[in-house]
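Undergrad: Provided herewith is a single structure, encoded as C-alpha cells, for subsequent inquiry.
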Amino acid sequence: MSIMHPPSNSATRSENQELPAVESLLSVQDCQKAADIFRALGDPVRFQILTLLLQDPMCVSDIATVLDDSLPAVSQRLKLLRKDNIVSVRREGKYSYYSLHDGHVRCLVSNIIEYLSDQAEQNDDP
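My numbering numbers the first residue of the sequence shown as 1252 and each following residue consecutively.
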C-alpha cells in the first residue's frame, strides 16, 4: 500500500480556520480498492453471506438454503466477494467451502455488526 504525504501549503488555509493535521493520505489506487470493498459489502444479501461466514465456513448449497436463494445467485455473489479478496474458498472433493478471507475481513464485518447494534440502542433511547 502506498501512502502519499500531502504537500504542506499554508497559503491554502484561511487565517481563522485551522485544518486538522493529516499525517498521510492513501493513494488513489488504494482508495479505489477500498471503494471496491465497500461496494461489495454494500449489497444486503452479500453482507448476510458474510455474517453467516463469521460463524463457520459453508458451502454454496448451505448458504443458499439458509438464505432461501438460488445456487446460481449465491455463486455469483461469492464470485464477486472472492474477486475482492473478501472470502476465500477451500475445495474438498466435490464441495467448495467458503470462509472470510482473513482476520481483517472478520474484524470489518464484526465492527459493522457492532456499529449497527450500537446505533439500534441509541435509537431506542428516549
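Cβ atoms here follow ideal geometry from the backbone N, Cα and C, with glycine treated the same way. None of the values given here were measured: they were computed from a predicted structure.
(1) In the DSSP output, which residue or residues are listed as bridge partners for Tyr1346?
(2) For the alpha helix (DSSP H) that Asn1374 lies in, which residues bound it at each end?
(3) Could you pull out every residue in the same chain whose Cβ sits closer than 8 Å to the Cβ of Arg1328, ignoring the five residues on either side in sequence?
(4) Answer yes or no: the CB of Ile1314 versus the heavy atoms of the ligand ADP, is any distance below 8 Å?
(5) For the structure I just gave you, are there three or more beta carbon pairs, one from the stretch 1311-1326 and one from the stretch 1360-1377, closer than 8 Å?
(6) Kindly give me the distance between the Cβ atoms of Pro1308 and Tyr1348, rounded to whole angstroms, as I take these residues to be in contact under 8 Å.
(7) For Val1430, count neighbouring Cβ atoms within 10 angstroms of its own Cβ and tell me buried if that reaches 16, exposed if not.
(8) Please report how far the alpha carbon of His1352 lies from the alpha carbon of Ser1339, in whole angstroms.
(9) Taking 9 Å as the cut-off, decide whether the C-beta atoms of Asp1288 and Asp1335 are in contact.
TA: Here's the rundown:
(1) Reading the sequence shown from its first residue, position 95 is the one you call residue 1346. Paired residue(s): Glu1343.
(2) Your numbering for residue 1374 matches position 123 in the sequence shown. Per DSSP, Asn1374 belongs to the alpha helix (DSSP H) from Gly1354 to Asp1375.
(3) Reading the sequence shown from its first residue, position 77 is the one you call residue 1328. Result list for Arg1328: Asp1294, Val1296, Arg1297 and Ile1300, in chain order.
(4) For the structure depicted, the ligand ADP is absent and the ligand set is empty, with no information on it obtainable.
(5) The stretch 1360-1377 and the stretch 1311-1326 do not touch, with fewer than three beta-carbon pairs separated by less than 8 Å.
(6) Numbered from 1 along the sequence shown, position 57 holds the residue referred to as residue 1308. Numbered from 1 along the sequence shown, position 97 holds the residue referred to as residue 1348. Taking 8 Å as the upper bound for CB-CB distance, Pro1308 and Tyr1348 are in contact here, some 4 Å apart.
(7) Because residue 1430 is not part of the residues shown, which for the chain are 1252 to 1377, the question remains open.
(8) Translated into positions along the sequence shown, residue 1352 becomes position 101. Translated into positions along the sequence shown, residue 1339 becomes position 88. For His1352 and Ser1339, the distance between alpha carbons rounds to 5 Å.
(9) Working through the sequence shown from its first residue, we reach residue 1288 at position 37. Working through the sequence shown from its first residue, we reach residue 1335 at position 84. This sequence places Ile at residue 1288; Asp is not what is there. Yes; because the gap between Cβ atoms is below 9 Å, this pair is in contact.
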